Every structure is written in structure tokens, then in C-alpha cells.
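Novice: Heads up, the sequence shown is in my numbering, so the first residue is 18 and it goes up one at a time. Shown below is the structure under consideration.
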Amino acid sequence: MTDQDIEEKAKEVIAADVRLFSGCEDAQTSGDMTDVANFNLPDPAGRAGGACTSGLLQVLYADHKDTSYELSFEDVLLKLRESLDGIGLSQVPQLSTSHNLDMQQPFHIVPEGSTGTRRAVMIGINYKGEGKLSGCCNDVKNMKEYIMDVHGFQEENITLLLDEKPQYTRPTRQNITRALKKMVQVSEPGDVVFIHFSGHGGKVKDFDGDEEDGFDETLIPVDFKRSGHIRDDYLFRNLVCPMKGGVTMTCLFDCCHSGTVLDLPFVFIGDGKQEGMGIQLDFEFGTIEQAAAAEPEEIEEYYTEEEIDSDEDDDEVVNEDDVPSDRPVARVDDETNLTATTQQNTDNPPEPVAEPSGEMQQINVRFRHRSFVINADVHDKFSEIRKSLEETTGVAVDDQRLTYNGLGITFKDEKSLSYYGCAPGGFFTLEEKKQAK
18 MTDQDIEEKA KEVIAADVRL FSGCEDAQTS GDMTDVANFN LPDPAGRAGG ACTSGLLQVL
78 YADHKDTSYE LSFEDVLLKL RESLDGIGLS QVPQLSTSHN LDMQQPFHIV PEGSTGTRRA
138 VMIGINYKGE GKLSGCCNDV KNMKEYIMDV HGFQEENITL LLDEKPQYTR PTRQNITRAL
198 KKMVQVSEPG DVVFIHFSGH GGKVKDFDGD EEDGFDETLI PVDFKRSGHI RDDYLFRNLV
258 CPMKGGVTMT CLFDCCHSGT VLDLPFVFIG DGKQEGMGIQ LDFEFGTIEQ AAAAEPEEIE
318 EYYTEEEIDS DEDDDEVVNE DDVPSDRPVA RVDDETNLTA TTQQNTDNPP EPVAEPSGEM
378 QQINVRFRHR SFVINADVHD KFSEIRKSLE ETTGVAVDDQ RLTYNGLGIT FKDEKSLSYY
438 GCAPGGFFTL EEKKQAK
């Protein structure tokens, strides 16, 4: 396919003008700074902050003050890389886009002459315990000040999701996905959208074969231990694809492994070696078209707000003692071990965790508002688990919609549960297929 063919194909699949600024490439981690004084921000919300967000704000504020020259998109990426390199970070920022963006045109969040509504969803998560970060909520507050002062965003059109209780909405998986879905619903041609995420990003096993490295990139919500990650596939289907044509959406994801977390076709890597936008090396239109045509996901709510409030130790994990015995407890904490990156960086992805020795474990099953428990080894083949599911529920699993911890997975009989990232204590949900009308 020629570049023109690819451009036309991209417009068929993605109607909106989407740009994603990422703090690093997929295989890299992103720095969390305990002191951002060197960035000389005009009025920082606190001492700590994310390296990418703080560096980008430094570049953009300097450009705003200097009216003699307009920074291009390429200038912004290269100056951001210089800023990160200057504090000893090796992470390489990149810009991915839905269309073949001219990198020499002046940088903008709001297109010249735009008269539409300007809306933002801004998410900052510091987490608690292992992997705690210090500057993500500050990032959001600093970036909010910038888009309001420089780009004319209004307070009433900005949705903040921060894990600073009690004044802010918690950045749970459900609250994040609801906010993004609402943004899609209300945005019209001519509107401007800004999405900011500062927190942990992750990598989990890819189940649909659209990732060359075998891993999906993810955003990690505050309640990841009970509700899992937000995969790049979900973001593409539910944010990128349904956004209307004529909308300009700029995203900033300051988190690890964020390079291609929106699965956009064009990319510019800010390492000083690339001239103009290029095609993602592992980008396949066939897989992307399938994702675009898929039905939007519905996120199951496992707990009521009252049950969430019963989290007595305030660790963002609802334990078995906190909920009625007939409610499932989703646990995917064995899938993700958060590691904070403070003033350091590594280009090497984490080593795979060694599998524990096989032993019988309880796996919860939910069907027709009833809860069951089966004893199984997560290292058994799924064909064996299938038999247990059918014996326990009395239904043919072949005829059911099966999810694990709320995540749609296409299981194969010869693969083990551990292959799909399933862990002891997780749960399956069986839903009867809807009859065609």
C-alpha cells in the first residue's frame, strides 16, 4: 500500500483527528520526579510531578512567552526529549496520530479558528502501597492550569479524576471508562477534546494477535486489583473509533509503556533520527478494522458504592470480609506488580514472573446471579476447566459468553488459565447468549 492508500484507509476507520503524546516508547518506563524545580513551571501544584508532563509544560510555557517563533510539532517532541535527557532520563517521547500529520506545522491543541466546545478528561493516580507515585495528581492540576490559561478551556467542561479523597471523583476503571464514553457522546464536529492520564501503565498478554510483541499496553486504574487494566484495544474501540469526524482530540499519557496505547497508525519518535511521520511497524489495518467493528464493551460493576466504602484499611482492595458472601471478589493483583519509577528509567521490559507450582485453588463462577466455586489448577488446560464449569453450572460452556474478571477472553482448550494471565482467586462470569431478533 502507498502512503496515500494508508492515509485513506485510516480515515475510513478513524474519523476524528487524534493525536497522542506519550512519555516513552512501549518497552520503556516513565519517570516520576520527587522535585520538579528544574522545570521552572510558573505555579506548580507541588514539588513532585511526572517527568513527561513537567517537561512538556516547560517547553509549552516557554513557547507561549516567546512570540517571535512558533514551535512545530516536531520542535515540541525534540525539545521535550532534550528536557528529559537533561535530567538523566533515557525515555524517548513520541507522538502517534490517526492521520499523517505534517510535523512542521505549528503545534496546537485548539485548531486556528475553532469555535466549538473545549472539553477535557484529566486523570491522576498516585496509588498506595507498593508502586506508590508522588506527582501524578500534581501533573493533572498543572496541566489543567495550562489548558485553561493558554487554550481557553472552561472549568465546567473539565472532568477531574484524582485519587485524593474526598473532594475528587475516584479514578476507578468504571469512572474512567464512563468519563471517556461520555466525552465521545457529547463531542460534535468542531469541538476540541483533551485527555490526560498520569499514573502507571502496564503490559498484559495480548489475546487477539494484534501486537507484534505479544502484549497489550494498558492504563492502570486505582482499583486495578479488583477490576483489572484498561487495555489499548478497549481504548481504540470505545474512544478512538466512535469519536466523530471534525473533532480534534489531543491525548497526553504520562505513564510507562504508553507509546502505542491508542493503537494509532502513524508515529513520530522524538529521538532526533526521524524525519516526518512514519507508519507503525507492526500496524495492521485488518486487525484494526475488526476492532473498530466490534461492539463497545460494557464494564460490569462488581461492587456497590456502599461496598467500596467498606474498604476499612483504605487500600483500594475490597476483601472477602467487606462484601456479602454471594458477591464475587475480582482479583487480578497477581497479574500486575506495580513498581514506582522515581528519577530513574530502564529500557528493559520486566522479566516474566515464574509460575508457582501447580496446586488446586478455588476459582469463583457467576451464572444467572448465582455464585459457585470450583477447585482447579490455573496451570491446567482450559479443556479441563471447561468440564468443571459445565459440571458446576449444568450448562454447556460452548453456548455461553465467558469472561474472566470482567475481561473478554477467547480461551483455547489446549492453553492453560495461567497462559491468559488468570490467577487463583479470580472469577468467571457466564452470560447466556442473546437470541437474534
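Where a beta carbon is used, it is the ideal one built from N, C-alpha and C, also for glycine. These numbers were taken from a predicted model, which means no experiment stands behind them.
(1) Would you give the residue range spanned by the beta strand (DSSP E) that L112 belongs to?
(2) Using 10 angstroms around the beta-carbon of E29, count the other beta-carbons present and answer buried if the total reaches 16, otherwise exposed.
(3) Are D208 and G262 touching if we call contact CB-CB under 8 Å?
(4) Could you give the residue range of the beta strand (DSSP E) that holds R36?
(5) For R36, which residues in the same chain have their Cβ closer than 6 Å to its Cβ, ignoring the five residues on either side in sequence?
(6) I believe S100 touches Q75 by the beta-carbon criterion, under 8 Å. Please report the beta-carbon distance rounded to the nearest angstrom.
(7) Taking the beta strand (DSSP E) that E234 falls in, what are its first and last residues?
(8) Quick one: measure Cβ to Cβ for F444 and L406, integer angstroms, because I've assumed they're closer than 8 Å.
(9) For a test of the three-state rule: what should DSSP assign to K28, helix, strand or coil?
(10) Whole angstroms is fine: what's the gap from M294's alpha carbon to L281's?
(11) Please determine if the region 159-176 and the region 122-140 are in contact, where contact requires at least 3 C-beta pairs separated by less than 8 Å.
(12) What does the alpha-carbon distance come out to for the pair M200 and M260?
(13) Flag this pair as yes or no: are the beta carbons of R190 and G245 separated by less than 8 Å?
(14) For Y251, which option in T420, E234 and H396 has the closest C-alpha, if you only look at C-alpha atoms?
(15) Could you tell me the alpha carbon to alpha carbon distance between V93 and T84, rounded to whole angstroms?
(16) For K220, is the classification buried or exposed, using 16 other Cβ atoms within 10 angstroms of its Cβ as the cut-off for buried?
(17) Considering Cα atoms alone, identify which of E408, E87 and E401 is closest to F389.
(18) How far does the alpha helix (DSSP H) with H168 in it extend, from its first residue to its last?
(19) Bridge partners of Q379, per DSSP?
(20) If you reduce the DSSP assignment to three classes, tell me which class E292 lands in.
(21) Excluding five sequence neighbours on each side, which residues of the same chain lie with their C-beta closer than 8 Å to the C-beta of Q122?
Specialist: On the basis of the coordinates in this document:
(1) Working through the sequence shown from its first residue, we reach residue 112 at position 95. Start and end: Q111 to T114.
(2) For the purposes of this step, residue 29 is identified with residue 12 of the sequence shown, where counting begins at 1. So E29 counts as exposed.
(3) The residue given as residue 208 occupies position 191 in the sequence shown. The residue given as residue 262 occupies position 245 in the sequence shown. In this structure, G262 does not lie closer than 8 Å to D208 by Cβ.
(4) Here the question's residue 36 lines up with position 19 in the sequence shown. That run of the beta strand (DSSP E) goes D34 to S39.
(5) Here residue 36 refers to the residue found at position 19 when the sequence shown is read from its first residue. T114 and T267.
(6) Position 83 of the sequence shown, counting from 1, holds the residue named residue 100. Position 58 of the sequence shown, counting from 1, holds the residue named residue 75. About 6 Å separates the two Cβ atoms, so the contact holds.
(7) Counted from its first residue, the sequence shown places residue 234 at position 217. Counting along the chain, the beta strand (DSSP E) containing E234 begins and ends at F232 to L236.
(8) In the sequence shown, counting from the first residue as 1, residue 444 sits at position 427. In the sequence shown, counting from the first residue as 1, residue 406 sits at position 389. F444 to L406, Cβ: 12 Å. No contact.
(9) Residue 28 sits at position 11 when you count from the first residue of the sequence shown. Three-state DSSP puts K28 in a helix.
(10) Translated into positions along the sequence shown, residue 294 becomes position 277. Translated into positions along the sequence shown, residue 281 becomes position 264. When rounded, the distance between both Cα atoms is 12 Å.
(11) yes
(12) The count along the sequence shown starts at 1 and reaches residue 200 at position 183. The count along the sequence shown starts at 1 and reaches residue 260 at position 243. Between M200 and M260, the C-alpha separation is close to 9 Å.
(13) To locate residue 190, count along the sequence shown from 1; it is residue 173. To locate residue 245, count along the sequence shown from 1; it is residue 228. Yes, they are a contact pair.
(14) Here residue 251 refers to the residue found at position 234 when the sequence shown is read from its first residue. Nearest option by C-alpha distance: E234.
(15) Counted from its first residue, the sequence shown places residue 93 at position 76. Counted from its first residue, the sequence shown places residue 84 at position 67. Approximately 15 Å, taken between the alpha carbons.
(16) Indexing the sequence shown from 1 puts residue 220 at position 203. Buried, since its Cβ has 16 or more Cβ neighbours within 10 Å.
(17) Residue 389 sits at position 372 when you count from the first residue of the sequence shown. Of E408, E87 and E401, the residue nearest in Cα terms is E408.
(18) Here residue 168 refers to the residue found at position 151 when the sequence shown is read from its first residue. Unbroken alpha helix (DSSP H) run through H168: C153 to H168.
(19) Sequence index remark: in the sequence shown, residue 379 carries index 362 (1-based). Answer by DSSP bridge pairing, in chain order: N392.
(20) In the sequence shown, the residue the question calls residue 292 occupies position 275. Three-state result, E292: coil.
(21) Counting from one through the sequence shown, the residue named residue 122 turns up at place 105. Within the same chain, Q122 has close Cβ partners S89 and F90.
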